[in-house]
Amino acid sequence: MKHVKIAVFILFISLISVDYAPGQSSTKELESEKIEALLEKIKTLEESIAQLRSEIASVEKYFKTIQARPPLSSYKLPAEMTLCGERVPLQDRTIWENLDREFIITLDNHAQILLWMKRARRYFPHIEKRLKEMNLPDDLKYVTITESALRPHVVSSAGAAGIWQFIPSTGEKYGMRRSKTLDERFDFFKATEGALGYLKSLYEEFGSWTLAMAAYNVGENRIRKEIELQKTRDYYYLDLPMETERYVYKIAVAKIILSDPGKYGFSLEDSEFYDPLKLERVQIELKQPLPIMEVARAIGFYYKDLKEMNLHLPDEAIPAGIHFLNLPSGTSERFWSFFNNWKK
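Numbers in the numbering used here are just positions in the sequence shown, counted from 1, shifted up by 155.
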């Protein structure tokens with residue numbers, strides 16, 4: 156602060172100590188201009204100081220967070236754990252090392268873990284509800300973390316899309332239609348049904364949730380082939396593509412951290428989590444395309460936000476046919492009033 160005062164004083168002296176040549180006017184108008192220039196420079200300096208203070212406060216907050224968080228080396232893997240009710244054989248040092256590597260790499264990515272926590276508040280409740288209703292292991296929700304980090308727009312280099320990362324052929328097999336004007340792999344609700352059905356089918360075939368998850372990643376044909384070739388049905392001892400070998404370990408690490416993030420130095424205020432999904436889902440039958448802009452106007456909602464709620468509808472209009480439409484909570488009555496008049 157001392158340096159700031161000195162800077163202001165020097166600026167003031169530099170402006171008021173200008174010598175005038177003999178005969179030069181020193182009218183009130185000139186003095187007024189000098190004062191205005193001085194005040195403008197002081198104002199600019201004050202704004203710069205305010206911005207600097209804000210930046211300093213942000214840096215101080217960041218370093219306090221780092222100092223409050225114990226060093227990475229202080230965090231240890233649990234002595235034992237299960238995944239989907241199946242014990243992870245951590246007594247095998249190779250398996251322990253593989254899990255430990257993923258654990259350390261993941262823990263060091265602070266931003267990603269915070270985003271997992273925030274997004275999980277939005278998407279996990281529905282997944283957990285469906286898992287319970289289908290009598291499937293709750294741990295399967297962590298597949299979404301490894302697949303997409305719960306990013307609804309993501310498309311992989313292999314063409315897998317949505318939170319559950321379905322490729323086109325598997326998506327269609329599990330009821331997700333795809334065309335130029337429709338891609339239901341981006342429909343979170345429909346994709347969740349497909350993913351849980353697919354994982355259940357894989358478990359019924361392989362008799363192991365670790366193998367089911369591995370097959371979800373690399374495909375059931377590859378897992379069948381490797382089981383036949385290597386004569387083992389234990390995921391942890393199968394020689395698989397590197398991505399698949401790391402896949403289940405990453406899911407296990409997501410479970411370890413997200414089950415108790417505070418234990419590993421991650422905490423958020425309740426207001427910092429992303430809002431849970433609050434919407435009404437309606438099914439409509441169309442003989443002709445319905446402009447989404449008209450729907451947005453009818454229900455009093457922003458077009459952009461309505462599109463975001465319906466990522467499975469990439470076009471400006473809902474195509475002809477039978478479709479699900481996600482609406483903001485409390486707007487379905489307005490929609491039906493509009494829709495019944497529109498389709499006449």
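Quick reminder that beta carbons are idealized off the backbone N, C-alpha and C, glycines included.
Which of helix, strand or coil DSSP assigns to residue i
i: GLY330; result: coil
i: THR387; result: coil
i: VAL437; result: strand
i: THR237; result: strand
i: ARG274; result: helix
i: PRO280; result: helix
i: ALA346; result: helix
i: ALA421; result: It is Phe, not Ala, that sits at residue 421 in the sequence shown. Coil, per DSSP.
i: ARG306; result: coil
i: ASP415; result: coil
i: ALA315; result: coil
i: ASP247; result: coil
i: ARG338; result: Per the sequence shown, the amino acid found at residue 338 is Asp instead of Arg. It is a strand residue.
i: TYR175; result: Low local confidence applies: a pLDDT of 48 at TYR175 is under 50, so the model's placement there is unreliable, with the coordinate-based value given in what follows. TYR175: coil per DSSP, three-state reduction.
i: PRO469; result: coil
i: GLY476; result: strand
i: PRO483; result: strand
i: LEU445; result: strand
i: PHE321; result: strand
Exposed unless 16 or more other CB atoms sit within 10 angstroms - verdict on residue i
i: GLN320; result: buried
i: GLU288; result: exposed
i: ALA192; result: exposed
i: ASN290; result: exposed
i: LYS405; result: buried
i: MET448; result: exposed
i: LEU305; result: buried
i: SER187; result: exposed
i: LEU194; result: exposed
i: LEU384; result: exposed
i: ILE260; result: exposed
i: LEU207; result: exposed
i: THR365; result: buried
i: HIS478; result: buried
i: THR325; result: buried
i: ARG248; result: exposed
i: THR199; result: exposed
Residue i vs residue j beta-carbon contact at 9 Å
i: GLY317; j: PHE341; result: yes
i: MET272; j: LEU413; result: yes
i: LYS386; j: ASP470; result: no
i: THR299; j: ILE282; result: yes
i: THR399; j: VAL373; result: yes
i: GLU348; j: TYR329; result: yes
i: LEU434; j: LEU482; result: yes
i: HIS467; j: ASP338; result: yes
i: ASP394; j: GLU375; result: no
i: PRO244; j: TYR371; result: no
i: LEU480; j: LEU269; result: no
i: TYR419; j: TYR230; result: yes
i: ILE439; j: PHE493; result: no
i: ARG388; j: SER363; result: yes
Beta-carbon contacts of residue i that lie in its chain and below 7 Å, excluding the five residues immediately before and after
i: ARG277; result: TYR429, ASP430, PRO431, LEU432
i: ARG256; result: none
i: ALA367; result: LEU354, LEU357, TYR358, PHE361
i: ALA176; result: Unreliable placement is indicated for ALA176, whose pLDDT of 49 sits below 50; the coordinate value is still reported in the next sentence. Correct list: empty, nothing qualifies.
i: PRO444; result: ALA472, ILE473, PRO474, ALA475
i: PRO396; result: VAL373
i: ASP294; result: LEU238, CYS239, LYS410
i: LYS296; result: PHE279, ILE282, GLU283, LEU286
i: ARG332; result: GLU339
i: ALA451; result: TYR457, TYR458, LEU461
i: GLU327; result: ARG333
i: SER311; result: GLN320
i: ALA315; result: PHE321, ILE322
Contact test: residue i Cβ vs the ligand NAD heavy atom, cutoff 8 Å
i: ILE260; result: Only the bare structure without any ligand can be found here, which leaves the ligand NAD out of the picture.
Proximal residues to residue i (C-beta, below 6 Å), its chain only, five neighbours per side dropped
i: LYS498; result: none
i: PHE490; result: ILE454, LEU482
i: PRO292; result: CYS239, GLY240
i: ASN465; result: ASN481
Nonlocal neighbours in the same chain, by C-beta distance under 8 Å from residue i, ignoring five residues either side
i: LEU254; result: LEU232, VAL243, LEU245, TYR404, ALA407, VAL408
i: SER303; result: VAL309, GLY317, ILE318, TRP319, GLN320
i: ALA313; result: ILE322
Discussion item. Does the contact criterion of 3 or more C-beta pairs under 8 Å hold for the segment 483-492 versus the segment 446-461?
Written reply: In short, these stretches touch, since the Cβ pair count reaches three.
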